[in-house]
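K.L.:
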Amino acid sequence: MTTIHFDERDDADELIGALEAEGYVTTLTREAFAGEEDWDDRAWVLLVEPFDDRVVEMVDVYGGWTLGDDRPASEPPPLPDGPKRLKNSRDL
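Residue numbers (the working numbering): 855 to 946.
1) Can Val880 and Val902 be called in contact, C-beta distance under 8 Å?
2) With a 10 Å radius around its C-beta and 16 neighbouring C-beta atoms as the bar for buried, classify Leu933 as buried or exposed.
3) Have a look at Phe905 and Trp898 and give me their C-alpha separation to the nearest angstrom.
4) Look up Thr857 in the DSSP assignment and give the residues it is bridged to.
5) Does the beta-carbon of Ala875 have 16 or more other beta-carbons within 10 angstroms, so that it is buried, or is it exposed?
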């Protein structure tokens with residue numbers, strides 16, 4: 855199950871309302887990241903069942919984020935064969 859993180863409870867509550875209106879089951883808790891001691895700095899964590907593509911679309915709209923990404927990274931662009939010359943070599 856993937857979790858959705860929010861900095862603000864209001865953002866989480868808006869997404870919860872939208873998800874529950876579409877029939878999803880949600881659970882909201884708080885979680886501290888490593889090194890956080892202040893209760894107010896803890897993230898709001900939303901669990902959604904089932905977690906599908908529709909939920910992912912809604913996360914972007916409501917300002918949440920997920921940790922990690924299961925999709926493989928895209929292929930990086932090719933590197934140049936050699937250095938680019940910014941100045942004419944005769945001017946050196």
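No residue lacks a Cβ here, since even glycine has one placed at the ideal position from N, Cα and C.
P.N.:
Taking the coordinates as given:
1) In the sequence as displayed, the identity of residue 880 is Thr instead of Val. In contact: Thr880 and Val902 (Cβ atoms closer than 8 Å).
2) exposed
3) 17 Å
4) Leu901
5) exposed
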